[in-house]
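Step one of this worksheet: look at the structure below.
Protein chains in written order, with my numbering: chain A, 240 to 351; chain B, 2 to 113.
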C-alpha cells in the first residue's frame, strides 16, 4: 500500500514555541487531513485540505496541501500544554476516501 | 450525547475466546469504519461500510467479522482470539467519503 512518511517522530518543546511537522506520500493525494489524538481518546480531525496549494488555518494551527500533492505540513504557533498529544497526517489510499492511510504520528510534548 | 460510542471500553480475555465490540453513531452518517491501533500507535483501516454495505475489507483475517444491522451501528466480532489481536480498536463514521472521520474513544482489547 501507499506509504506516508511523517516527521519528526517526536518533539519536546517549551511552551510558547512554534512547531512544524510534515508528511510526504509516495503517490499523489487528492485530500490531506490532520488529526490529533489525546491519551486514551480517539483521533480528532484538526484540518482537512482538498486542493493543491491550499493553506488553511484553525486557530493557532495552519496546514498546507503541497503543490506537488505529495506532501503536507502542519504548524502550531505559540504552543500551550494542552497541545500535547499525537498528531497524525492522513490521506486516501488509492484515491479512495473509504480507506484512509495514516502516518505514524508525531508525539508532541510541551514543557510548561 | 456522545457522537460515536463504543462498548466495551476495556476487554481482557483469554486466547481462543470469542468477543464482540459494539459501535453506534448518532451523527446521521452513512459510512462507518473499524481501525486497529497497535502498541506503536500505528492506525490501520480494517473495514469500511457504506449504508450497511461492506466496501473495504483490508486483508483482515476472517476471524474478524463486522456486522452492520443499520446505518447507525457497526459491530465487530472476533473469533478464536490470538495474542496478536491485542490492540485498541477504533470505530469511526463519516458523511460520505470526505475523509473527515469522527472516531469513538476506542476499545482496548488485551488477549492473555
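Note that CB positions come from ideal geometry on N, CA and C, so glycine has one too.
- At a cut-off of 8 angstroms between beta-carbon atoms, residue 23 (chain B) makes no contact with chain A.
- Annotation for residue 316 (chain A): 257 and 299 place their beta carbon closer than 7 angstroms to its own, counting only its chain and skipping 5 residues before and after.
- Exposure of residue 18 (chain B) is indicated by the presence of fewer than 16 other C-beta atoms within 10 angstroms of its C-beta.
- Counting the other Cβ atoms within 10 Å of the Cβ of residue 33 (chain B) gives 16 or more, which makes it buried.
- In terms of beta-carbon proximity, residue 65 (chain B) stays away from the interface with chain A, with every pair separated by 8 angstroms or more.
- For residue 326 (chain A), no Cβ of chain B is located within less than 8 angstroms of the residue's own Cβ.
- By the neighbour-count criterion, in which 16 or more other beta carbons inside 10 Å mark a residue as buried, residue 80 (chain B) falls on the exposed side.
- Spanning the alpha carbons of residue 24 (chain B) and residue 30 (chain B) requires a straight line of approximately 13 angstroms.
- Here DSSP, grouped into helix, strand and coil, assigns residue 330 (chain A) to strand.
- When DSSP states are grouped into helix, strand and coil, residue 87 (chain B) belongs to the coil group.
- The C-alpha of residue 61 (chain B) is placed about 16 angstroms away from the C-alpha of residue 21 (chain B).
- When CB distances to chain A are screened at a threshold of 7 angstroms, the residues of the region 78-107 of chain B falling below it are 91, 98, 99, 100, 101, 102, 104, 105, 106 and 107, in chain order.
- Shortest Cα-Cα distance from residue 252 (chain A) to any of A:330, A:342, A:323 and A:344 involves A:323.
- Here residue 89 (chain B) is buried, its C-beta having at least 16 other C-beta atoms within 10 Å.
- Apart from the 5 residues on each side of it in sequence, residue 98 (chain B) sits with its Cβ closer than 7 angstroms to the Cβ of 32 in its chain, given in chain order.
- For residue 336 (chain A), the nearest beta carbon of chain B is closer than 8 angstroms to its own beta carbon.
- For residue 65 (chain B), the enclosing beta strand (DSSP E) stretches over residues 65-71.
- Contacts between residue 282 (chain A) and chain B, judged by CB atoms closer than 8 angstroms, involve 44, 91, 102 and 104 in chain order.
- For residue 49 (chain B), the residues of chain A that pass the 7 angstroms Cβ criterion are 337 and 338, in the order they occur in the chain.
- When DSSP states are grouped into helix, strand and coil, residue 322 (chain A) belongs to the helix group.
- Straight-line measurement puts the Cα of residue 64 (chain B) at about 31 angstroms from the Cα of residue 326 (chain A).
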